[in-house]
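What follows is one structure encoded as structure tokens, with my remarks underneath.
Numbering (the UniProt record's numbering), first residue to last: 1 to 208.
Structure representation (structure tokens):
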């Protein structure tokens with residue numbers, strides 16, 4: 001009986017380790033994919049605040065931008081414009097020529113959330129008005145998705161419960177399967193143990 005106990009203990013422990021290895025491997029695989037995507041994404045994060053701080057307005061209302069503004073925008077393949085309180089473009093850098101130079105409040109609301117024509121945009125409040133930075137088409141995907149707070153909390157809690165329930169169910173099914181295998185193979189292991197100890201083993205005769 002000791003031989004059977006050792007066999008199933010090793011079988012159970014080795015299976016648990018295999019399951020843990022499988023989960024760890026998948027976690028590392030997901031992390032690797034995320035890191036690979038991040039490395040190859042050209043670091044699309046736009047330093048909007050930095051660019052805004054490099055654009056200044058003097059007492060006469062003249063706008064000046066430091067050379068670093070152009071370098072930062074060129075690195076990101078982006079362009080920029082500065083709108084006053086009336087929606088008029090009062091400063092720009094590499095702004096596409098086909099874009100209008102005047103925008104209504106409705107236009108501003110639309111491209112602040114979505115796109116300006118085909119250009120994904122960032123907007124940032126500036127002392128002279130509103131700074132708008134446009135990126136290359138299809139370089140950024142913008143989503144506008146809102147969810148009820150209670151619904152989100154319940155959904156996250158539900159996902160956690162589902163994961164825990166699945167792990168528990170997997171372990172339960174594995175334990176039941178181990179019990180069935182143990183019940184079927186224990187007589188064989190006991191017979192092997194008796195033979196190894198020099199004891200006689202009687203096998204049931206097959207009926208005709």
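Even glycine gets a Cβ: it sits at the ideal position worked out from N, Cα and C.
Residue 57 is positioned such that its CB atom lies no closer than 7 Å to that of residue 122. Between residue 128 and residue 99, the CB-CB gap reaches or exceeds 7 Å. Shown here for residue 9: not one same chain residue has a beta carbon closer than 7 Å to its own, the five before and five after excluded.
In the structure shown, residue 87 falls within a coil segment according to DSSP collapsed to helix, strand and coil. Judged by DSSP secondary structure, residue 146 falls outside any beta strand (DSSP E); it is assigned neither H nor E.
Here the alpha carbons of residue 34 and residue 97 stand approximately 37 Å from one another.
Taken through DSSP and simplified to helix, strand or coil, residue 187 comes out as helix.
Per the coordinates, the alpha-carbon of residue 27 lies some 48 Å from the alpha-carbon of residue 91. Remark: fewer than three beta-carbon pairs, one from each stretch, lie closer than 8 Å, so the stretch 136-149 and the stretch 100-111 are not flagged as touching. DSSP places residue 56 in the uninterrupted beta strand (DSSP E) bounded by 55-57. By the C-beta density criterion, residue 132 is buried, having at least 16 other C-beta atoms within 10 angstroms. C-alpha of residue 71 to C-alpha of residue 167: approximately 52 Å in a straight line. The C-alpha of residue 13 lies about 18 Å from the C-alpha of residue 183.
At a Cβ-Cβ threshold of 7 Å, residue 116 and residue 134 count as neighbours.
By the beta-carbon neighbour count (other beta carbons within 10 angstroms, threshold 16), residue 170 is exposed. DSSP, read as helix, strand or coil, puts residue 46 in coil. Within its own chain, the residues whose Cβ lies closer than 8 Å to the Cβ of residue 93, once the five positions on either side in sequence are excluded, are 65, 69, 70, 73, 79, 80, 81, listed in chain order.
Its chain contains 79, 80, 81, 89, 134 as the residues whose beta carbon lies nearer than 8 Å to that of residue 95, once the 5 sequence neighbours on both sides are disregarded; these appear in chain order.
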